[in-house]
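**Q** So that we are looking at the same thing, I have put the structure below in structure tokens.
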Amino acid sequence: MNPKFHIYCLSAFLFFSGITNSFAQQTEEKNSVIIESTDTYSQIIQKASFVVPAPRQLRWQQLEMTGFIHFGMNTFTGKEWGDGTDSPSKFNPTALDAEQWVRICKEAGIKQVILTAKHHDGFCLWPSAYTDYSVKSSPWKAGMGDVVKETVEACRKYGIGFGIYLSPWDRNSKLFGNNQAYNDYFMNQLTELLSNYGQVDEVWFDGANGEGPGGKKQDYDFDKWYRLIRKLQPQAVIAVMGPDVRWVGTETGYGRETEWSVVPVDLQNQESVADGSQKEVSFAPKNRMEDDLGSREKILKAKALVWYPSEIDVSIRPGWFYHPEEDTQVKSPEKLTDIYFHSVGKNGVLLLNIPPDTRGLISNSDVTSLKGFRSILNKTFSRNYASEGKTSSNKQQIKTLTDNVYSTDWTTKGKDSTATINITLKEPQEIDILSVQENIMKGQRVEAFSLEYKSNGEWKLLAQGTTVGYKRLCKFPAVKGKEFRINIHSSRRNPVLSEIGLYKQSY
Ligand code: FUL
0 MNPKFHIYCL
10 SAFLFFSGIT
20 NSFAQQTEEK
30 NSVIIESTDT
40 YSQIIQKASF
50 VVPAPRQLRW
60 QQLEMTGFIH
70 FGMNTFTGKE
80 WGDGTDSPSK
90 FNPTALDAEQ
100 WVRICKEAGI
110 KQVILTAKHH
120 DGFCLWPSAY
130 TDYSVKSSPW
140 KAGMGDVVKE
150 TVEACRKYGI
160 GFGIYLSPWD
170 RNSKLFGNNQ
180 AYNDYFMNQL
190 TELLSNYGQV
200 DEVWFDGANG
210 EGPGGKKQDY
220 DFDKWYRLIR
230 KLQPQAVIAV
240 MGPDVRWVGT
250 ETGYGRETEW
260 SVVPVDLQNQ
270 ESVADGSQKE
280 VSFAPKNRME
290 DDLGSREKIL
300 KAKALVWYPS
310 EIDVSIRPGW
320 FYHPEEDTQV
330 KSPEKLTDIY
340 FHSVGKNGVL
350 LLNIPPDTRG
360 LISNSDVTSL
370 KGFRSILNKT
380 FSRNYASEGK
390 TSSNKQQIKT
400 LTDNVYSTDW
410 TTKGKDSTAT
420 INITLKEPQE
430 IDILSVQENI
440 MKGQRVEAFS
450 LEYKSNGEWK
460 LLAQGTTVGY
470 KRLCKFPAVK
480 GKEFRINIHS
490 SRRNPVLSEI
500 GLYKQSY
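What follows is the structure, encoded as structure tokens:
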């Protein structure tokens, strides 16, 4: 990496994280921390354990599932990446109903919806004052419509969060490639979106910049955009090409086995995010899944550590936009459930894309699948057997850990960074799922855990893993058992657990 760029990144990070100083002996929670060259091994691990989410990151993590609505010119042209030359006359949904989108999402358990206000083709779903390439030049509602407004209003009505996707790469704008003029154009569009529609909870910038050799090259002024977002919508998380939420590195829906939210600051480096993003005008799933990003080995080499949690985006269909020929390839309820286990259940937030069709409605195949998915989750997680424990070495411990209140937690005494939680059920039960949650308001600490059950007087291993974080779900072949124990084998400081659960998968 260019060292100058590194210094620049570090100072930008300090600005956006609001960090002012650091202590050799960390004693208070912070959103980020600098590692000094004099810090010892144990001081670095200690520092890592004190890194916590900013309030906006905590709110976002607790959403668990968010929805993506890819809708725009591509919906009508059948493309994934439009080149910005399609006539606005093509945009003409016959029955657009944003309330249907939001209702379907909410019923599926989605708590925030992000709309593609502008995709790479540059076509704006709101009547921007800065371009004619928008809904105002389309036949839809005789040019008087505003999809952003309708979506925001639906989100408010159904009480869920709202986010915008604004593609930096704009294949229609004549200004693209003229660095200053395009950055100003982008600032103006961002200002419109962040000023005219009330609260915005997430701003999503992707890293795609497909202008290849011979194409126009644009240097984006991300830091100026971030400052504007912080000023106009301070509660909004800035995702992917942003300092609050990290792209997991794949679009399959399957997160990392070991997923740390506390990672080296270098991962916020815009160049590196862009490097891992799509470069060509072809729709190929990306994959950037290095084994782990925040293990001891990784953080020992870091200049600073930052809370930078993972978002796992995936489409319910092969493409991000609706294509009728993909109606038969909508992910099944079982597949979506598996994705849930490997995204939300791997310390991530699932960003599930559900693209409306040319009518402007989510089609039946998607609706049916989402309903089935929700029904599986409801049935499976309705009964937490751990809460029915007859006795345990510590009654209050089990009560706190199964009270469904995230902010109440249990931890070990003294300096003990290991723990065993015994759960004895009244009757033997079939179990095939373990759920564990750390209280991330106190950091991410657990490095190794396992679940055992007693069979014929002997403890047998059912599941094991590394990180827990906000939520860890483990699925294993069902066993019938009465005595279970969850072991925390290693933790960066006393493990602080919010909730535990033992469940039986139900279809
Ligand atoms: C990528 C884009 O290139 C895709 O079209 C899609 O919007 C995806 C979510 O982000 O960077």
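Under numbering that gives the first Met the number 0, the first residue of the sequence shown is numbered 0, with each subsequent residue one higher.
Heads up, the beta-carbon is just placed ideally off N, CA and C, and yes, glycines get one too.
1. Quick check: the region 446–459 against the region 403–411, are there 3 or more CB pairs under 8 Å?
2. Per DSSP, what kind of secondary structure is residue 474 in: helix, strand or coil?
3. Taking 7 Å as the cut-off, is the C-beta of residue 79 nearer than that to any heavy atom in ligand 1?
4. Which residues bound the beta strand (DSSP E) around residue 463?
5. If contacts are defined as beta-carbon pairs under 8 Å, then residue 432 and residue 334 qualify, I think. What distance do you get, rounded to the angstrom?
6. Output the residue ranges of the beta strand (DSSP E) runs that lie fully inside the region 109–149 and measure 3 residues or longer, sorted by chain position.
7. Within 7 Å: the Cβ of residue 69 and any heavy atom of ligand 1?
8. Taking the DSSP output, what are the residues bridged to residue 449?
9. When every heavy atom of ligand 1 is checked, does at least one fall within less than 7 Å of the C-beta of residue 205?
10. Between residue 89 and the rest of its own chain, which residues show a CB-CB distance below 7 Å, the 5 nearest in sequence each way excluded?
11. I need the DSSP call for residue 590, collapsed to helix, strand or coil.
12. According to DSSP, is residue 92 helix, strand or coil?
13. Quick one: what's residue 263 bridged to in DSSP?
14. Out of 239, 58 and 98, which one is the CA nearest neighbour of residue 156?
15. Starting from the Cα of residue 201, find the closest Cα among 39, 138, 58 and 438 and give me that residue.
16. Is it buried or exposed for residue 223, if we count other Cβ within 10 angstroms and need 16 for buried?
17. By the 10 Å Cβ neighbour count, where 16 or more other Cβ atoms means buried, how is residue 498 classified, buried or exposed?
18. With C-beta atoms as the reference, is residue 145 less than 8 Å away from residue 125?
19. Check the DSSP bridge columns for residue 312 and list the partner residues they point to.
20. Please name the residue, chosen from 43, 270 and 356, that lies closest to residue 242 on a Cα-to-Cα basis.
21. Flag this pair as touching only if the region 337–354 and the region 252–264 have three or more C-beta atom pairs under 8 Å; answer yes or no.
22. Whose C-alpha, out of 166, 114 and 118, is nearest the C-alpha of residue 150?
23. Quick one, are the C-beta atoms of residue 471 and residue 495 less than 8 Å apart?
24. CA-CA distance, residue 161 and residue 170?
25. By how many angstroms is the C-alpha of residue 121 removed from the C-alpha of residue 137?
26. For the beta strand (DSSP E) containing residue 431, name the first residue and the last one.
27. With three or more beta-carbon pairs closer than 8 Å as the criterion, would you say the region 39–54 touches the region 321–332?
28. What first and last residue would you give for the beta strand (DSSP E) that runs through residue 236?
29. Quick one: what's got a C-beta closer than 8 Å to residue 482's C-beta in the same chain, skipping five residues either side?
30. Restricting to Cα atoms, I'd like to know which of 197, 198 and 219 is closest to residue 204.
31. Would you kindly work out how many angstroms separate the C-alpha atoms of residue 384 and residue 501, rounded to a whole number?
32. So what does DSSP say about residue 282, is it helix, strand or coil?
33. Do residue 218 and ligand 1 come close, with the Cβ less than 7 Å from some heavy atom?
34. Give a single yes or no on whether residue 118 has its beta carbon closer than 7 Å to a heavy atom of ligand 1.
35. Ligand 1 and residue 319: does the residue's C-beta get closer than 7 Å to at least one heavy atom of that ligand?
36. Quick check on residue 55: buried or exposed, where buried means 16 or more other Cβ atoms within 10 Å of its Cβ?
**A** Reading it off the structure:
1. no
2. strand
3. yes
4. 457–464
5. With a Cβ gap of about 17 Å, residue 432 and residue 334 do not count as contacting.
6. 111–117
7. yes
8. 463 and 486
9. yes
10. 72, 75 and 76
11. Absent from the structure is residue 590, since the part of the chain shown begins at 0 and ends at 506.
12. coil
13. 304
14. 98
15. 58
16. exposed
17. buried
18. yes
19. 350
20. 270
21. yes
22. 114
23. no
24. 25 Å
25. 14 Å
26. 418–437
27. no
28. 236–239
29. 421, 422, 423, 424, 452 and 453
30. 219
31. 5 Å
32. Per-residue confidence for residue 282 stands at a pLDDT of 48, beneath the threshold of 50, marking its modelled position as unreliable; the derived number appears in the next sentence. If DSSP states are grouped into helix, strand and coil, residue 282 belongs with coil.
33. no
34. yes
35. yes
36. buried
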